[in-house]
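So the structure is just underneath, and the comments pick up after that.
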Amino acid sequence: MAVYSYGERTPQIGKNSYISDSARVIGDVTIGENCYIGHGAIVRGDYGKIIIRPGTAIEENAILHIKPNGILELEESVTIGHGAIIHGKRIKSHAVIGIGSVLGFDVVIGSWAIVAEGCVVPQNSIIPDEKIAGGVPFKIIGDVRQKHKDFWIYGKQLYVDLAGEYPEKFKRLS
321 MAVYSYGERT PQIGKNSYIS DSARVIGDVT IGENCYIGHG AIVRGDYGKI IIRPGTAIEE
381 NAILHIKPNG ILELEESVTI GHGAIIHGKR IKSHAVIGIG SVLGFDVVIG SWAIVAEGCV
441 VPQNSIIPDE KIAGGVPFKI IGDVRQKHKD FWIYGKQLYV DLAGEYPEKF KRLS
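Going by our numbering, the residue at position 78 of the sequence shown is 398; the numbering climbs one at a time, nothing skipped.
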């Protein structure tokens, strides 16, 4: 695990969470149980606080950071896609942030909302619960339906399972 304190700021890691040895978790970061922090991800709480609730997946090469003295909270079962850059304020339960998306400072993403791949959500924006946002800058492009929820319940469980399996199955060969 690549977990670092920054001055007096020290990460807290929940039970059964996996943090890749190539990820970086720095400073005032709280990670709940059954979370997955993927390879190359950076979670920087060096001058702000980041809270990641249980069952959340931070996929490969995602970056989470926050402004000085700010707080970024990811509620339960959030998915942050590969290569996303997150400077938001709150991402509510079951939200999905697509691959390569960018969230500016003080952004709030609603519960079960989906931010499409490559989407840019400028600072101080709000995406309501159960809406789909896409584009640069974002626009609301649809409503989340049960089929979306069913797919993401399945997808989120894959990462909870990975978090549990990685310590046993992931072995360096050379």
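Even for Gly, the Cβ is constructed at its ideal location relative to N, Cα and C.
Quantities reported herein were computed from a predicted structural model and do not represent experimental measurements.
Is Y338 buried or exposed, if buried means 16 or more other CB atoms sit within 10 Å of its CB? Note on Y338: 16 or more other CB atoms within 10 angstroms of its CB, so buried under the neighbour-count rule.
Spatial distance of I386 from K335 (CA atoms): Cα to Cα, I386 sits roughly 24 Å from K335.
Neighbour-count burial assignment, L394, 16 or more Cβ in a 10 Å radius: It is buried - the Cβ of L394 has at least 16 other Cβ atoms within 10 Å.
Backbone CA spacing between T350 and G454 [nearest angstrom]: 29 Å
Rounded distance between the beta-carbons of G430 and P448, thought under 8 Å: 5 Å
Closer than 7 Å by C-beta to A483: which residues in its own chain qualify, once you throw out the five before and the five after it? Chain order, please. N336, S337, Y338, N354, C355 and Y356
Note down, in chain order, each residue of its chain lying with its Cβ closer than 6 Å to the Cβ of Q477, except the 5 sequence neighbours on either side. none
Going by DSSP in three states, V480 sits in which element: helix, strand or coil? helix
Closest residue to I378 among E328, V428, D470 and A415 (Cα-Cα distance): For I378, the nearest C-alpha among the options comes from A415.
Closest to I346 by C-alpha separation, out of L384, L423, E485 and I400, would be which residue? L384
Checking 8 Å against the spacing of the C-beta atoms, do G408 and G438 come in under that value? Contact: no.
How is G360 classed by DSSP in three states: helix, strand or coil? Of the three classes helix, strand and coil, the one that applies to G360 here is coil, per DSSP.
Comparing C-alpha positions only, which one of R410, S340 and A382 sits nearest to W432? R410
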